[in-house]
Amino acid sequence: MKAIEQLLADVIWPELDVLFLDMPPGTGDAQITSAQSIPIAAGVCVSTPQTVSLDDSKRALDMFNKLHIPIAGVIENMSGFLCPDNGKEYDIFGKGTAEDMAKAYKSEV
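For the sequence shown, my numbering gives the first residue as 71, with consecutive numbering after it.
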């Protein structure tokens, strides 16, 4: 949390439209403390199609809801691999799971 506090307090920022804080997965102390002490306009959740990632993402989205932070969207990362040899896309890790999660939390992918 100290690094985030230092980033926000000690950096001389120009006027910002948006500032994204990339946080580790889950709902640990850093995420909860940040959500409670920093004015947050909205949260964005980045997930991969694997079940473990989805479980972490659902906990994060539940935390946003409990703290009354609007959910701006869900991003599905690593859902497709574009093969350089034939130009076809392969869903190595799965696909479309973030879409279902976004619908459940009334958000967009």
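Ideal Cβ placement from N, Cα and C applies to all residues, glycine included. If you're wondering where the values come from, they're calculated on a predicted model, not measured in any experiment.
Across the structure, D80 and K72 are spaced so that their CA atoms are roughly 11 angstroms apart. Residue D161 holds the alpha-carbon nearest to the alpha-carbon of C153 among N147, D161 and D132. The beta carbon of Q120 sits closer than 8 angstroms to the beta carbons of F163 and G164 from its chain, once the five residues preceding and following it are set aside; these are given in chain order. The three-state secondary structure of V81, taken from DSSP, is coil. Contact between the region 100-118 and the region 129-149 is present: 3 or more CB-CB pairs across the two stretches fall below 8 angstroms.
In chain order, I141, G143 and V144 place their CB closer than 6 angstroms to the CB of S177, counting only its own chain and leaving out the 5 sequence neighbours on each side. With distances taken between CA atoms, M171 lies nearest to R129 out of D92, R129 and L137. In the three-state scheme derived from DSSP, where H, G and I count as helix and E and B as strand, S107 is classed as helix. For a cut-off of 8 angstroms, the C-beta gap from I139 to I110 is around 5 angstroms, short enough to register as a contact.
Shown here, F163 sits in coil according to DSSP, grouped into three states, outside any helix or strand.
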